[in-house]
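K.L.:
Note that numbering that gives the first Met the number 0 gives residue 525 to position 526 of the sequence shown, counting from 1, and the numbers run on in steps of one.
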Amino acid sequence: MASEAPSLLRRTIGCGLVGEFDAAGRREVVITGWVHRRRDLGNLIFLEVRDGSGRVQVVLDPSSAPDAHESAQHVHAEDVIGVRGTVVPREAVNPSHPTGRVEIRAAEIAIHNRARAVPFPVDDESESNEEARLAHRYVDLRRPRLQRALRTRHALARAARRVLDDLGFLEIETPILTRSTPEGARDYLVPSRVHPGRFYALPQSPQLFKQLLMVAGFDRYYQFARCFRDEDLRADRQPEFTQIDLEMAFATPSEVYGVAEPLVAAMLREVGVEIETPLPRMSYAEAMDRFGTDRPDTRFGLEIRDAAPAVAGRGFAVFDAALAEGGVVRGIAVPGGGSASRKMLDAWSAWAREAGANGLVWIRTEEGGAVSSPALKALGEDGARAAAAAVGAERGDAALLVAGPVEVAARALGALRLRIAAEMGLAPKDRWDLLWVERFPLLQWDAAEERWVACHHPFTAPRWEDLDRLEGEPSSVLAQAYDLVLNGAEIGGGSIRIHRRDVQERVFRALGIGAEEAEAKFGFLLRALDAGAPPHGGIALGFDRICAMLVGADSIRDVIAFPKTTSASCLLTGSPAPVDGRQLADLGLRLEEAD
Ligand code: ASP
Numbered sequence: 000m001a002s003e004a005p006s007l008l009r010r011t012i013g014c015g016l017v018g019e020f021d022a023a024g025r026r027e028v029v030i031t032g033w034v035h036r037r038r039d040l041g042n043l044i045f046l047e048v049r050d051g052s053g054r055v056q057v058v059l060d061p062s063s064a065p066d067a068h069e070s071a072q073h074v075h076a077e078d079v080i081g082v083r084g085t086v087v088p089r090e091a092v093n094p095s096h097p098t099g100r101v102e103i104r105a106a107e108i109a110i111h112n113r114a115r116a117v118p119f120p121v122d123d124e125s126e127s128n129e130e131a132r133l134a135h136r137y138v139d140l141r142r143p144r145l146q147r148a149l150r151t152r153h154a155l156a157r158a159a160r161r162v163l164d165d166l167g168f169l170e171i172e173t174p175i176l177t178r179s180t181p182e183g184a185r186d187y188l189v190p191s192r193v194h195p196g197r198f199y200a201l202p203q204s205p206q207l208f209k210q211l212l213m214v215a216g217f218d219r220y221y222q223f224a225r226c227f228r229d230e231d232l233r234a235d236r237q238p239e240f241t242q243i244d245l246e247m248a249f250a251t252p253s254e255v256y257g258v259a260e261p262l263v264a265a266m267l268r269e270v271g272v273e274i275e276t277p278l279p280r281m282s283y284a285e286a287m288d289r290f291g292t293d294r295p296d297t298r299f300g301l302e303i304r305d306a307a308p309a310v311a312g313r314g315f316a317v318f319d320a321a322l323a324e325g326g327v328v329r330g331i332a333v334p335g336g337g338s339a340s341r342k343m344l345d346a347w348s349a350w351a352r353e354a355g356a357n358g359l360v361w362i363r364t365e366e367g368g369a370v371s372s373p374a375l376k377a378l379g380e381d382g383a384r385a386a387a388a389a390v391g392a393e394r395g396d397a398a399l400l401v402a403g404p405v406e407v408a409a410r411a412l413g414a415l416r417l418r419i420a421a422e423m424g425l426a427p428k429d430r431w432d433l434l435w436v437e438r439f440p441l442l443q444w445d446a447a448e449e450r451w452v453a454c455h456h457p458f459t460a461p462r463w464e465d466l467d468r469l470e471g472e473p474s475s476v477l478a479q480a481y482d483l484v485l486n487g488a489e490i491g492g493g494s495i496r497i498h499r500r501d502v503q504e505r506v507f508r509a510l511g512i513g514a515e516e517a518e519a520k521f522g523f524l525l526r527a528l529d530a531g532a533p534p535h536g537g538i539a540l541g542f543d544r545i546c547a548m549l550v551g552a553d554s555i556r557d558v559i560a561f562p563k564t565t566s567a568s569c570l571l572t573g574s575p576a577p578v579d580g581r582q583l584a585d586l587g588l589r590l591e592e593a594d
């Protein structure tokens, strides 16, 4: 029997679970779902039916179920159907598929809906353009890869919540319509109708509210917090994203680590990865020295070393000038680079320049022992060998050296290290290297704005022992801040906060925020700090990034149900969208003519 009318077929089992039944039992089942594929072999029709749990094969035999067979002739990919039938062992077993040992012999088919407009095939193989996929995200999301990604995201969220619940954290929501919380990006603003000319800001993070919750006596808070940052979306960012945000009263950094570590371990366990805790810790200074970045990928070597003692005073003008100006000569050793081609050496030099270096000096030590380098004459053979040895290059390796200011050399060598490792496949795919980077500077000089800015955010506490130097020697003050790094990606960051009004006022002053501005923007915080604020600290983990890494996705878009493009548009709904004049008038707004 076939029908176009609403059917009484009620699902008894998910498609992907059918294989778990004992096929010999010839059990009757009802499945519902989407037609994934149809194959018409003339006498028999095979349908693959898909729902959230997976896929199963259905056979339609005209001799035993003529009506069902007849209606299966007219179904197409993505039609929504129900099938009643009997589970039987399959003749052509497909052992690699979870339901590959069985099939359903259909007795009845109900067609719930025809899919008349399917913009692209629902499979992981066919390449269709990204714009079409985002515009029809509800179809794209049916693909097994994205289904898996969002299901894993759910499992990771559940694992994280369980850990936090067990550790006595309370999930508390904080406002979305609020005022600016500086985290270094532009705010998304929402105009107020009731207060014309005034604006809410969407939170860049719940930072100040979570601190207020500490003052309020909820001494362990967490939230899956949506954060909004209006940035030029380089790389893999989204204008709205999710953090696992937490805060603890009376906490030291180690106590925050003691929560974040089991949290991340529980998420990794969901994808079958066990890690050892406590995690290693590294100072910011060491990370910059050894890896040229504050988020080192420690899965492979290529560490940066100092070549200055080996090259100083040998008469190579480039190096001597850099050292004379207070700069450095540093480098990395590339294993096997002794036989690198000219083309490869040119590519490495280009990468170093792209990352800001003036140039790259290479020294090749061939297996046979011969040394070559454009600086061979200037350094002398002994000098070249000594420089290569200083950065750890042995026979058969290449040494790549950069001279210049310490930050320039760090950035260039850090970037070079990553690109060469990627090129040579040096980072094992199945390794999960986590570490804490700590002891960041509190402030950094913003040359463009000509003022000090907070490295983390303005509420981060300086190390108490450094506080006296805040006014006189701000660059020497370290912060009680820490980042959590996984395989070279920052997956979390936090700090111990300032819990005393006088200290917060001093830090505001150091940041060039005068008393009036501090009162206008952060008066509520200052008053709260004066109302019995406990010492406190916390962290926020980038949940989208963690999910993407744990499902092996290239982009966080793959773990966000409805992501935006790199230009912050939603191609599905067409946001941001123009609004009509009435709405603008209600808000007291008028648009200027675009030039
Ligand atoms: N609010 C910070 C951020 O979004 C995290 C924290 O300090 O807890 O990066």
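Note that the Cβ used here is the ideal one computed from N, Cα and C, for glycine as well.
Fair warning: this is a prediction, and the values are worked out from it, not measured in the lab.
1) Quick one: does the C-beta of Gln206 sit closer than 7 Å to a heavy atom of ligand 1?
2) Going by alpha carbons, who is nearest to Leu359 out of Gln210, Asp231, Ala332?
3) When you compare each of Leu46, Pro94, Arg161 to Gly18 by their alpha carbons, which one comes out closest?
4) Express the C-alpha separation of Gly271 and Gln479 in angstroms, rounding to a whole number.
5) On the DSSP bridge assignment, give the partners of Ser494 in chain order.
6) Just to check my reading of the structure: Glu246 and Leu207 have Cβ atoms closer than 8 Å, yes? What is that Cβ distance to the nearest angstrom?
7) Which same chain residues, not among the five before or five after Arg161, have their C-beta less than 8 Å away from its C-beta?
8) For Glu230, which residues of its own chain have a beta-carbon under 8 Å away from its beta-carbon, when the five flanking residues on both sides are left out?
9) Suppose only complete runs of 3+ residues qualify. What are the beta strand (DSSP E) ranges in the region 348 to 398, listed by chain order?
10) If you measure from the CB of Ile44, is any heavy atom of ligand 1 nearer than 7 Å?
11) Closer than 6 Å by C-beta to Asp529: which residues in its own chain qualify, once you throw out the five before and the five after it? Chain order, please.
12) Rounding to the nearest angstrom, what Cα-Cα distance links Cys454 and Leu483 in this structure?
13) Starting from Ala321 and walking both ways along the alpha helix (DSSP H), at which residues does that stretch end?
14) Ends of the beta strand (DSSP E) at Gln222?
15) Let me check you understand the geometry: is the CB of Ser474 closer than 7 Å to at least one non-hydrogen atom of ligand 1?
16) Considering just the uninterrupted stretch of the beta strand (DSSP E) at Gly84, what are its terminal residues?
17) Which residue marks the beginning of the alpha helix (DSSP H) containing His153, and which one marks its end?
18) Between which two residues does the beta strand (DSSP E) carrying Ala453 extend?
19) Look at Leu155 and Ala560 and say whether their C-beta atoms are less than 8 Å apart.
20) If you draw a straight line from the alpha carbon of Ser253 to that of Leu166, how long is it in whole angstroms?
21) Would you say His455 touches ligand 1, meaning its beta carbon is less than 7 Å from a heavy atom?
22) For the beta strand (DSSP E) that contains Tyr199, what are its first and last residues?
23) Three or more C-beta pairs under 8 Å: does that hold for the region 82 to 100 against the region 22 to 42?
24) Let's see if you can read the secondary structure: which residues bound the beta strand (DSSP E) around Asp50?
25) Contact defined as beta carbons within less than 8 Å: I believe Val310 pairs with Val328. What is the distance between those atoms, to the nearest angstrom?
26) Consult DSSP for Ser574 and reduce its assignment to one of helix, strand or coil.
27) Look up Val34 in the DSSP assignment and say whether it is helix, strand or coil.
28) Trp347 to Glu353, Cα distance in whole Å?
29) Quick one: what's got a C-beta closer than 8 Å to Glu3's C-beta in the same chain, skipping five residues either side?
30) Under 8 Å by Cβ, that's how I've got Ala105 and Leu59 pegged, so tell me the actual separation to the nearest angstrom.
31) Looking at ligand 1, does it come within less than 7 Å of Glu366, judged from the CB to the closest heavy atom?
32) Go ahead and pull the three-state DSSP assignment for Gly53.
33) According to DSSP, simplified to helix, strand and coil, what is Arg508?
34) Under 8 Å, with one C-beta from each stretch per pair, do the region 504 to 523 and the region 443 to 453 reach the 3-pair mark?
35) Looking at Gly330: is its Cβ nearer than 8 Å to the Cβ of Leu400?
36) According to DSSP, simplified to helix, strand and coil, what is Arg500?
P.N.:
The relevant details are as follows:
1) Answer for Gln206: yes, Cβ within range of ligand 1.
2) Closest by alpha carbon: Ala332.
3) Pro94
4) 33 Å
5) Ala480, Gly537
6) Contact doesn't hold; Cβ gap of about 11 Å is too wide.
7) Hits under 8 Å: Ala265.
8) Ala184, Arg185, Arg236, Pro238
9) Annotation note: the region 348 to 398 contains the following uninterrupted beta strand (DSSP E) runs of length 3 or greater, listed N- to C-terminal: 360 to 364.
10) False, no ligand heavy atom lies under 7 Å from that Cβ.
11) Hits under 6 Å: Arg500.
12) 15 Å
13) It spans 316 to 323 - the alpha helix (DSSP H) in which Ala321 sits, taken as one unbroken run.
14) 219 to 227
15) no
16) 79 to 88
17) 143 to 165
18) 450 to 453
19) Not in contact: Leu155 and Ala560 (Cβ atoms no closer than 8 Å).
20) So the two alpha carbons sit approximately 15 Å from each other.
21) yes
22) 198 to 200
23) At 8 Å Cβ cutoff, the stretches touch.
24) 44 to 50
25) 5 Å
26) strand
27) strand
28) 10 Å
29) In this prediction, Glu3 scores a pLDDT of 49, lower than 50, which makes its location untrustworthy; no coordinate-derived value is stated.
30) 5 Å
31) no
32) Judged by DSSP in its simplified three-state form, Gly53 adopts strand.
33) Three-state result, Arg508: helix.
34) yes
35) yes
36) Here Arg500 carries a helix assignment [DSSP, helix/strand/coil].
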